[in-house]
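See structure below.
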Amino acid sequence: MTDLEPDKLLQRYERAKSKRANWESHWRECYEYAMPQRDGVIDDNAPGEKKTDKLFDGTAPDAVDQLAASLMAELTPPWSRWFELVAGVELTPEESAAIAAPLQEASQAIQSNFDRSNFAVEIHQCFLDLVTIGTASLLFEEAPLGEASAFRFTAVPIGEAVLEEGGLGRLDITYRKTALTRPQMQTRFPKFEAEDDQLSNPLRGDGADADDRVFDVLEGVVPEQDRGYRYMAVLLSEQNKNNEPFLLREGQFQESPFLNFRWMKAPGEVYGRSPVMKALPDIKTANKTVELVLKNATISVTGIWQADDDGVLNPATVRLSPGTIIPKAVGSSGLTPLQAPGRFDVSQIVLDDMRTRIRHSLLADQLGPLQGPQMTATEVMERSAQMARMLSATYGRLQAELLNPLANRALAILRRRGEVPDILIDGREVDLNIVSPIARQQKQAEAQGAMQWLQSLQVAGPQAVAVVNPEAAARWLAKAFNVPDTILNPPMMPGADAAGIPPGGIPNGAMPGAMDPMAAMLGAAPGMMPGQAPAAGGDPLAALAGALGGMAGAGGAGAAPAGPMTAPAQPMGAAVPAVTPGGGMPNV
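Residues in the sequence shown are numbered from 74 upward in steps of one, following our numbering.
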């Protein structure tokens, strides 16, 4: 068990905070130029204080908003399931089919609690922090019984969180120092009873009411080997007459309530680095350029004037307004404008280049809204594939540090409350499948290649087609397109034919295809009704490939022709017709 006591917790916090000091000035600069409304997470600012006085160019804040919104839509879309519980790799097909329905019900229960909670609000704030400073922290708590959802989320400001990596290299050691009022203390720590004779000067601010008293609380979560995570909350020593940290609560968690995740990580560093940090030189240059352009524009509009000191013209009394008559001495040139030294055309070229580089660094030029005419389905798929390639490294890190811990923590809470069966995600019997839009795009790209390959087999003849298992191909495509297991029939019995008829025949005179409608449908050639006998020389896989080809051909021009593979086989060595890219997968 970890040797964690209140005084030692405070020592570990101070030591970790001293290591964080080098990052704070960098974070302030990133917030100042990219998200000024959030810079109070490090320094104490008055609510409602102006924070954009030094900001002259809004390219970076706009790009940060777009990238954060895109991350949310691609990873954790609101009111849409972005994960599912599936059977593990060690289960047989029969066992997988038996637990498919319970796993689907558990996935739906978890998603329902996410939808009823404040998850969408808080995770968006975390994504803003992630894009701006490269590190974000999300507090995932269990809500009290009777609430609409069992989940409660809080986007922890980076100024409150002090992080360390554990022995396994995970960012799972968390210290949080926060200020709570008396009602908040009583809500979070029901056993807390703060009496004036127990505390030394707990009053902060100008309020004299008891509810205005603010208490500094330090929370810590530290991993323990094979025991989950240990939690401790203490009241800091300066508010205790004994000058010692006062223990408020301690406990054990199976999964850490603090989810800390990073955009990218440099070797030897604990906190992450962000795209704003990479684009910060361009952001500062663009901001300064706009400032100088505005100053030059002011000079160009109002002008700078010069006059001869002839004893007649008094500059202190001159007012430049319509209809004004300004006296001047005979032979004097009077007021003459001074030519401004700046050139707007050059500064605009520099500014346009800086803005383009900022938007490219923050992926706003790829993830932003469409400006041109409506794209075709193929163009939409290509843009999604390009976005998946650009975010693949970040997506892999976020899946390991955010999505998987988030699902595990949600399952642990509902399992403890008895709302889901006793399910444990171990990858062997039960696995977690991420089905967010960006993950589906990758799987559909694999399915597109498989369907193109099936179409190519049409020209190779029945002998080449015989190497593929029709049922296995259909089930693999079902997983690639995220088809629920509950709508699939159980696996065929050993020895059953392509229509799903067992060796003993069809019981009770049932119609062919009634036992396995999917097999009957796939066993029919395009244009034939399910259950109708295929043409002579055809086989179920040929019909499957033909049906898939018909689906792809309906999606756009250039698809391979659909139909049963009854055409004569091509001679050996003959040229194989090329399969057009557009015919690989139905346009969606």
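Where a beta carbon is used, it is the ideal one built from N, C-alpha and C, also for glycine.
Helix, strand or coil at residue i [DSSP, three-state]
| i | result |
| --- | --- |
| Ala-380 | coil |
| Glu-342 | coil |
| Phe-129 | coil |
| Val-541 | coil |
| Arg-489 | helix |
| Ala-402 | coil |
| Leu-435 | coil |
| Phe-262 | coil |
| Leu-176 | helix |
| Val-162 | coil |
| Leu-195 | Residue identity differs from the one stated: residue 195 is Glu in this sequence, not Leu. In the structure shown, Glu-195 sits in a helix (DSSP, three-state: H, G or I). |
| Ala-221 | coil |
| Thr-205 | helix |
| Glu-122 | coil |
| Thr-559 | helix |
| Thr-227 | strand |
Inter-residue Cα distance where the pair is residue i and residue j
| i | j | result |
| --- | --- | --- |
| Lys-368 | Arg-249 | 44 Å |
| Leu-148 | Leu-393 | 60 Å |
| Phe-554 | Gln-517 | 6 Å |
| Val-287 | Phe-326 | 27 Å |
| Ala-160 | Glu-519 | 21 Å |
| Ala-89 | Leu-253 | 22 Å |
| Pro-388 | Thr-397 | 14 Å |
| Phe-156 | Val-194 | 19 Å |
| Ile-496 | Asp-504 | 10 Å |
| Ala-141 | Pro-395 | 51 Å |
| Leu-595 | Leu-164 | For Leu-595, the predicted model reports a pLDDT of 38, less than 50, meaning its position is unreliable and no value from the coordinates is stated. |
| Asp-381 | Ile-372 | 21 Å |
| Ala-630 | Val-541 | Unreliable positioning characterises Ala-630 in this predicted model, as indicated by a pLDDT of 37, which lies under 50. A coordinate reading is not provided. |
| Asn-360 | Ala-339 | 27 Å |
| Leu-436 | Ala-136 | 8 Å |
| Leu-158 | Ala-480 | 9 Å |
| Ala-174 | Val-493 | 12 Å |
| Gly-301 | Ala-533 | 56 Å |
| Asp-499 | Ser-509 | 20 Å |
| Gln-181 | Asp-355 | 45 Å |
| Pro-318 | Ala-306 | 10 Å |
| Ser-98 | Glu-502 | 47 Å |
Bounding residues of the alpha helix (DSSP H) (the contiguous stretch that carries residue i)
| i | result |
| --- | --- |
| Pro-79 | 79–107 |
| Thr-467 | 465–471 |
| Arg-392 | Note, Arg-392: premise wrong, no alpha helix (DSSP H); not H, not E. |
Buried versus exposed, by CB contacts within 10 Å (16 or more), residue i
| i | result |
| --- | --- |
| Gln-139 | buried |
| Ile-560 | exposed |
| Asn-333 | buried |
| Asp-425 | exposed |
| Ile-206 | buried |
| Val-374 | exposed |
| Leu-203 | buried |
| Val-343 | buried |
| Leu-83 | buried |
| Glu-544 | buried |
| Asp-126 | exposed |
| Ile-422 | exposed |
| Ser-210 | buried |
Where the beta strand (DSSP E) through residue i begins and ends
| i | result |
| --- | --- |
| Pro-354 | Run containing Pro-354: none in the beta strand (DSSP E); it sits in the alpha helix (DSSP H), 348–375. |
| Met-305 | 301–308 |
| Pro-410 | 409–411 |
| Ser-210 | 208–215 |
| Glu-297 | 287–297 |
| Arg-335 | 331–335 |
| Arg-322 | 319–326 |
Neighbour flag for residue i against chain B, beta carbons, 8 Å
| i | result |
| --- | --- |
| Ala-193 | In the displayed structure, chain B is absent; only one protein chain is listed. |
(message) Going residue by residue through the stretch 230–255, where are the continuous beta strand (DSSP E) segments of at least 3 residues, counting only ones entirely within it?
(response) 234–237 and 246–254
(request) Tell me the start and end of each unbroken beta strand (DSSP E) in the stretch 495–555 that is at least 3 residues and wholly inside, in chain order. (result) 503–507
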